[in-house]
Each structure stands twice: as structure tokens, then as C-alpha cells.
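Here is the structure we will look at.
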Amino acid sequence: MKKAKKRKEIQFLNSVLQEVKDYELINPSTMIQTFNLTKVYNITEGIEIRALNDVTIDIKKGEFVSVMGPSGSGKTTLLNMIGALDNPTSGVVYINRTNIAHMNDRQLTNLRLKEIGFIFQFYNLVPVLSAYENVELPMLFAGRTKQEIKRNVNKFLDLVGLSEKKDYLPSELSGGEQQRVAIARALCNEPSILIADEPTGELDSKMGMEIIKLLRDLNLELHQTILMVTHDPMIGALAERMLKMRDGKIIETVITNR
Ligand SMILES: Nc1ncnc2c1ncn2[C@@H]1O[C@H](COP(=O)(O)OP(=O)(O)OP(=O)(O)O)[C@@H](O)[C@H]1O
Ligand SMILES: [Mg+2]
678 MKKAKKRKEI QFLNSVLQEV KDYELINPST MIQTFNLTKV YNITEGIEIR ALNDVTIDIK
738 KGEFVSVMGP SGSGKTTLLN MIGALDNPTS GVVYINRTNI AHMNDRQLTN LRLKEIGFIF
798 QFYNLVPVLS AYENVELPML FAGRTKQEIK RNVNKFLDLV GLSEKKDYLP SELSGGEQQR
858 VAIARALCNE PSILIADEPT GELDSKMGME IIKLLRDLNL ELHQTILMVT HDPMIGALAE
918 RMLKMRDGKI IETVITNR
């Protein structure tokens, strides 16, 4: 009994020690840091898929990074781990030098709601709510004041060029406009990180380029850290750095001269 307790204490002390070492390793200017991130899915007995395989990356505060790679290479899995939407099999994610595995439920909710904005391929707007109400929603969940909500919803709808259409329903907007509403919604709580999974996947390439140029301009103005998955090399090249993935690994990093 005593031995087991001692072993647990030693394990705990070792994990604290590791944390301190990691903390010292992480540059204060880093926003997202992963160490040896691995995700294994057990499909059936004996068959496993290594969706992420030992991924170590660091992304600086305010940096705009794109992730490219063939279907099934682990891009969405990587975003899900960083956005605390799923747990890795092994490895760690630090957001702003904090290990997200050690956050309690309240801290995790806070992280997902206020620190990270999500943008998806299929916009995910609520069909019965207007553009204004869709953008307002995460701010209501975050318990922001009425004044803050009004100020930010108007500010971000204006930044994405949709002030005039704030009372329109999603079905009354084009695909590009719907995605701009989704961008305003992701930004309204002023998150420090924006995670976007194929944000232009449903748009034609001209509209896609426009949306990402908007995202890039917002990044230059508001300095959020952006991690964006795309299949389109032209879109990926609008980021400062492109990470190329294959078989769950980062196989190449390209610094763009955008
Ligand atoms: N919940 C799951 N259960 C089992 N396997 C999964 C699960 N999610 C993903 N996978 C597998 O993990 C691998 C990586 O999937 P992931 O969704 O990260 O790929 P992706 O690079 O985002 O692909 P795409 O470009 O098609 O979106 C794939 O082989 C996929 O089949
Ligand atoms: Mg995907």
C-alpha cells in the first residue's frame, strides 16, 4: 500500500519536472507548441490507424500557418488535438505555454469558447438565425455584456463587409457571404487563435482566395495566430508558413514569400 503511494508521488513529481522542463523549452513568443503528438485509432481488434505520428511543431503568436496534405494524412486530427476537441494517444499540446491536458473543465470550456475561434468547411451557421444573431451566439455563451456584444457583432460584421446584410438569414446569403459570417462569428470573442479546417472547401477558387485574403488582412490587423487546413496550394501559399503532412507526419515546412 505504502509502496504504491510512494510510486504515485514519484510519478507526479516526474510529471511536474517534465512540465517545468517543457515550459523552459517553449519560447515565450510561441502560441501553439506540440511535442511528439500521436493519435492512434483502434478500428477493430489488432487493426490500428496512426492518424498522427509524433508531430512536434511550434507556432508563434500572430503567425499564419497553413497545413496541406492528401486526404487522410491527419490534418483534421491535428486541428482537433490543438483545439482541445479530442485527446491525443500520447504527446502534449501547450497553448500559450499551458499544457491543455492539465486544464480542468472550466478552463477547457473557456479555452474553446474565448481563446480559440473555429471556422469549418460547411460554415455551420444556424439556419433560423440572422447573420447578426449567428455572430452574437458565441458571445452570449461566453456571458459577455450587452454593450460588448453589440459593439463586437457590428465591428466584425463590418470588418468582413456584411454590415448591410446583418438581418439576412444564411439561406439568403451566397456561400462566400455565409463563410464571412462564420469568420465574424469565430472572431467576435476576440480569440488569440483561429483554427480553420478547409474554410474555402465549398467555394470556387476566386471566392476562396478572396476569403483567405480577408483572413490574412484581419491577421495583420488583429494579430491572431491562425492555423488553416487547405487542399489548395494557392490558398496555402497565402500563409507565412506551409506545413506539408503525409501519413500523420509533417514531412516538409515551406516558408512562403507571400
Ligand atoms: N474517429 C475516427 N475513427 C477512426 N479513424 C479515424 C477517425 N478520425 C480519423 N480517422 C482516420 O485517421 C486518418 C486521418 O484522418 P483526418 O480526418 O485527420 O484526415 P485529413 O487529412 O483531415 O483528411 P481530409 O483531407 O479528407 O479531410 C484517416 O485515415 C482517417 O480514416
Ligand atoms: Mg480533414
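Every number in the numbering used here is 677 more than the matching position in the sequence shown, counting from 1.
For glycine and all other residues, C-beta sits at the position ideal for the given N, C-alpha and C.
Residue pairing of Lys827 in beta bridges, as defined by DSSP: absent, with no partner found. Distances between the C-beta of Asp924 and the heavy atoms of ligand 2 are all 7 Å or more.
In this structure, Met745 lies away from Lys890, with their beta-carbon atoms at least 8 Å apart.
Under the three-state reduction of DSSP, Tyr718 is assigned to strand.
Between Thr930 and Ala914, the gap from beta carbon to beta carbon reaches 8 Å or more. Distance from the CA atom of Gly751 to the CA atom of Thr715, rounded to whole angstroms, is 10 Å. Segment contact: the stretch 709-726 against the stretch 767-783, three or more CB-CB distances shorter than 8 Å; contact assigned. Between Lys738 and Thr902, the CB-CB gap stays under 8 Å.
Contact between Lys843 and Ala808 holds, since their C-beta atoms are separated by about 5 Å, short of 8 Å. Here DSSP, grouped into helix, strand and coil, assigns Asn757 to helix. Here Leu802 is buried, its C-beta having at least 16 other C-beta atoms within 10 Å.
Beta-bridge pairing by DSSP links Asp699 to no other residue. Here the stretch 792-800 makes contact with the stretch 866-884; the two share three or more CB pairs at distances below 8 Å. Contact between Ala728 and Gly925 is confirmed by a C-beta separation of about 6 Å, below the 8 Å threshold. Residue pairing for Thr775: DSSP places it in a beta bridge opposite Ile772. For the options Asn704, Asn719, Lys680 and Asp731, the alpha carbon positioned closest to that of Ile928 is the one of Asp731. Note: Val812 is not bridge-paired with any residue in the DSSP secondary-structure output.
Between the alpha carbons of Ala761 and Gly723 lies a distance of about 27 Å.
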